[in-house]
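See structure below.
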Amino acid sequence: MNLRIQKIQFVKRTVIWSVLLLWGLLPSGLIHAKESDDLVSFNHDIRPIMSDTCFQCHGPDKNTREADLRLDSIEGATKDLGGYAAIVPGYPEESELIWRILSEADSERMPPEEHPRRLTDEEKELFRKWVEQGAKYEAHWAFLPPVRGRLPKERDPDWERNPIDAFVFSKLKE
């Protein structure tokens, strides 16, 4: 009789923990399912490009800053520079940054000709899309609370026992 009670308690605990685990994972999956794959993220997409191509001349170091333009903050990027701004959120056609990176004239194009790294067409389109979507700056990732990542699309429920298995399975399929 005592063994039967222990088995019932074990099954009850297992069911309760399983329900709690699923309940905790469900909202994160629903939230990420609503996110658009077309949304451009400052931290993920734009900051790394700016760090490689812009911040040396238009970053936080005022001793090396050129044209009194600071692109590492929304305040600096949207500041009135005498009738124009580097970034006009929502309006890429009015943003000096977009005009400069798309310019065909060597004297106007950014990054300048002497810069070792050129922007690819895909990167230029990312900038345009980001400005069009409102040019949302985000705090550096190190200062943000952790967020549960999106699970890979290609999955095998028979193979997975926990969310980490989905990432392992995805890499094995590559």
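Residue numbering for the sequence shown follows numbering that gives the first Met the number 0, starting at 0 and increasing by one per position.
Yeah, the Cβ is synthetic: ideal placement off N, Cα and C, and Gly gets one too.
- Query: DSSP three-state call for ALA76: helix, strand or coil?
  - Reply: helix
- Does the stretch 116-129 come within contact of the stretch 91-101, defined as at least 3 CB pairs closer than 8 Å? yes
- Task: Give me the Cα-Cα distance between GLY81 and GLU95, rounded to the nearest whole angstrom.
- Result: 12 Å
- Message: Using the Cβ count rule (16 or more neighbours within 10 Å means buried), how would you classify LEU38?
- Response: exposed
- For PHE54, which residues from the same chain have a beta carbon less than 8 Å from its beta carbon, with the 5 sequence-adjacent residues on both sides left out? LEU70 and ASP71
- Task: Excluding the 5 residues preceding and the 5 following ILE86 in the sequence, name in chain order all residues of the same chain whose CB lies nearer than 7 Å to its CB.
- Result: ALA76, THR77, SER94, LEU96, VAL130 and ALA134
- Item | Chain-order list of residues whose beta-carbon lies under 8 Å from that of VAL167 (same chain, five-residue window excluded) | none
- In its own chain, which residues sit with a C-beta less than 6 Å from the C-beta of ILE48, not counting the 5 before and 5 after it? GLU122
- Item | Start-to-end residues for the alpha helix (DSSP H) that takes in SER94 | Segment: none, SER94 is in no alpha helix (DSSP H) and carries neither H nor E.
- Local Cβ density within 10 Å of PRO91, reported as buried at 16 or more and exposed below that: buried
- Task: Please report how far the alpha carbon of HIS139 lies from the alpha carbon of SER50, in whole angstroms.
- Result: 12 Å
- Query: By a C-beta neighbour count over all protein chains shown, 10 Å radius and 16 as the cutoff for buried, is LEU171 buried or exposed?
  - Reply: exposed
- Query: Where does LEU68 land, buried or exposed, given buried means 16+ other C-beta within 10 angstroms?
  - Reply: buried
- Query: Counting along the chain, where does the alpha helix (DSSP H) carrying HIS57 start and finish?
  - Reply: 54-57
- In this structure, does DSSP put LEU125 in helix, strand or coil? helix
- Query: Are the Cβ atoms of ASN42 and GLU137 separated by less than 9 Å?
  - Reply: yes
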